[in-house]
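Enquirer:
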Amino acid sequence: AQKVTQAQTEISVVEKEDVTLDCVYETRDTTYYLFWYKQPPSGELVFLIRRNSFDEQNEISGRYSWNFQKSTSSFNFTITASQVVDSAVYFCALSGNQAGTALIFGKGTTLSVSS
Amino acid sequence: GAGVSQTPSNKVTEKGKYVELRCDPISGHTALYWYRQSLGQGPEFLIYFQGTGAADDSGLPNDRFFAVRPEGSVSTLKIQRTERGDSAVYLCASSLTHSGANVLTFGAGSRLTVL
């Protein structure tokens, strides 16, 4: 069975601090995909990134970076120099490569950035 | 359309009533998904369609829940004899095809409140 665990329920930081959101996953598939979505207060889920299981290169996009480590089954997300607009709920998600596999979400981490 | 459209955005009903929630996916997307998100939780998979057929309905909680997609585009989630525990945000998403690699684009959701 597939599972995504986001142990951090809520994180509060002050603007300009760096923050890392943890994600640990479980799967028996050899090919799988990991995602991060952002859900701002408006409620609509916004796609941030997708990684496949064969690509362990870390990725940086502006103030966002992602660290994928198969050895620890983790796909962590770091926001550098956080801003108030980063306040949202962030979800890590996992899908397999087999037909019928749906995207499975973690419970999410609520990030609050204060000025 | 440009995005995934869901109607109504808010629905308040009384226990025992019948409810329909509508999803209009991105034009050309053959895969359509329904998720349910309860307060403080991540989206929970309900059902997905590839074309007109329900390819996986393993997430539907019981037989009061049913979904259709008769022409392979718009989908309707139907809930009979609603219960207070059905109160949640119902999210619809679509993707070009069904594949673990595909990014799901989500709608803004339909918030259902059962009194």
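Chains A and B, in that order, give the protein sequences.
Residue numbering for the first sequence follows my numbering, starting at -17 and increasing by one per position.
Residue numbering for the second sequence follows my numbering, starting at 792 and increasing by one per position.
No residue lacks a Cβ here, since even glycine has one placed at the ideal position from N, Cα and C.
These numbers were taken from a predicted model, which means no experiment stands behind them.
#1: Helix, strand or coil for A/Phe33, going by three-state DSSP, please let me know.
#2: According to a CB-to-CB cut-off of less than 8 Å, which residues of the region 792 to 820 of chain B neighbour chain A?
#3: By the criterion of Cβ-Cβ separation under 7 Å, what are the contact partners of B/Ala879 in chain A?
#4: Residues in the region 25 to 40 of chain A with C-beta within 9 Å of chain E's C-beta atoms, listed in sequence order?
#5: Report the residue from A/Glu26, A/Thr(-9), A/Val67 and A/Arg32 whose alpha carbon sits nearest the alpha carbon of A/Leu3.
#6: Which chain B residues sit within Cβ distance under 9 Å of A/Ile(-7)?
#7: Could you name the residues of the region 827 to 838 of chain B whose beta carbon sits closer than 8 Å to any beta carbon of chain A, in the order they occur along the chain?
#8: To the nearest angstrom, how far is the alpha carbon of B/Ser890 from that of B/Leu823?
#9: Consult DSSP for B/Asp815 and reduce its assignment to one of helix, strand or coil.
#10: Between which two residues does the beta strand (DSSP E) holding A/Glu8 run?
#11: Does the distance from the C-beta atom of A/Tyr19 to that of A/Phe73 stay below 8 Å?
#12: In whole angstroms, give me the CA-to-CA distance for B/Pro861 and A/Tyr46.
#13: What is the C-beta distance between B/Leu887 and B/Thr821, in whole angstroms, given that I count them as a contact (C-beta under 8 Å)?
#14: Which residue's Cα is closest to the Cα of A/Lys108: A/Ile42, A/Ala63 and A/Ser69?
#15: Residues of the region 845 to 864 of chain B in Cβ contact with chain A at a cutoff of 8 Å, in chain order, please.
#16: Do you know whose CA, among A/Leu93, A/Val71, A/Gly78 and A/Thr91, lies nearest A/Asn34's CA?
#17: What residues of chain A sit near B/Ala822, judged by a beta carbon separation below 8 Å?
#18: At 3 residues or longer, and completely inside the region 835 to 886 of chain B: list those beta strand (DSSP E) runs for me, N to C.
Expert: Considering the structure as presented:
#1: Position 51 of the first sequence holds residue 33 of chain A. Reading off the sequence shown, one finds Arg at residue 33 of chain A, where the question assumed Phe. Correct three-state label for A/Arg33: strand.
#2: none
#3: As a position in the second sequence, residue 879 of chain B is number 88, starting the count at 1. Within 7 Å Cβ-Cβ: nothing; B/Ala879 doesn't reach chain A, min ~12 Å.
#4: Among the protein chains in the structure shown, which are A and B, there is no chain E.
#5: Locating residue 3 of chain A in the first sequence gives position 21, where the first residue counts as 1. The shortest C-alpha separation from A/Leu3 is found at A/Thr(-9).
#6: In the first sequence, counting from the first residue as 1, residue -7 of chain A sits at position 11. Neighbours of A/Ile(-7) on chain B: none; closest Cβ ~15 Å, over 9 Å.
#7: Gly831, Gln832, Gly833, Pro834, Glu835 and Phe836
#8: Counting from one through the second sequence, the residue named residue 890 of chain B turns up at place 99. Counting from one through the second sequence, the residue named residue 823 of chain B turns up at place 32. Going by the C-alpha atoms only, they are around 12 Å apart.
#9: Numbered from its first residue, the second sequence carries residue 815 of chain B at position 24. If DSSP states are grouped into helix, strand and coil, B/Asp815 belongs with the strands.
#10: Taking the first residue of the first sequence as position 1, residue 8 of chain A is located at position 26. Val6 to Glu8 is the extent of the beta strand (DSSP E) around A/Glu8.
#11: On the first sequence, position 37 is the one that residue 19 of chain A refers to. On the first sequence, position 91 is the one that residue 73 of chain A refers to. Yes, Cβ-Cβ distance for A/Tyr19 and A/Phe73 is below 8 Å.
#12: In the second sequence, the residue the question calls residue 861 of chain B occupies position 70. In the first sequence, the residue the question calls residue 46 of chain A occupies position 64. Whole-angstrom Cα-Cα distance: 41 Å.
#13: Sequence index remark: in the second sequence, residue 887 of chain B carries index 96 (1-based). Sequence index remark: in the second sequence, residue 821 of chain B carries index 30 (1-based). Confirmed, Cβ separation roughly 7 Å.
#14: The question about residue 108 of chain A has no answer, for chain A in this structure spans -17 to 97.
#15: Ala846, Asp847 and Gly850
#16: If you number the first sequence from 1, residue 34 of chain A lands on position 52. The option with the nearest alpha carbon to A/Asn34 is A/Gly78.
#17: Your numbering for residue 822 of chain B matches position 31 in the second sequence. What B/Ala822 touches in chain A: nothing, since even the nearest Cβ is about 10 Å away.
#18: 835 to 841, 844 to 847, 856 to 859, 866 to 870 and 879 to 886
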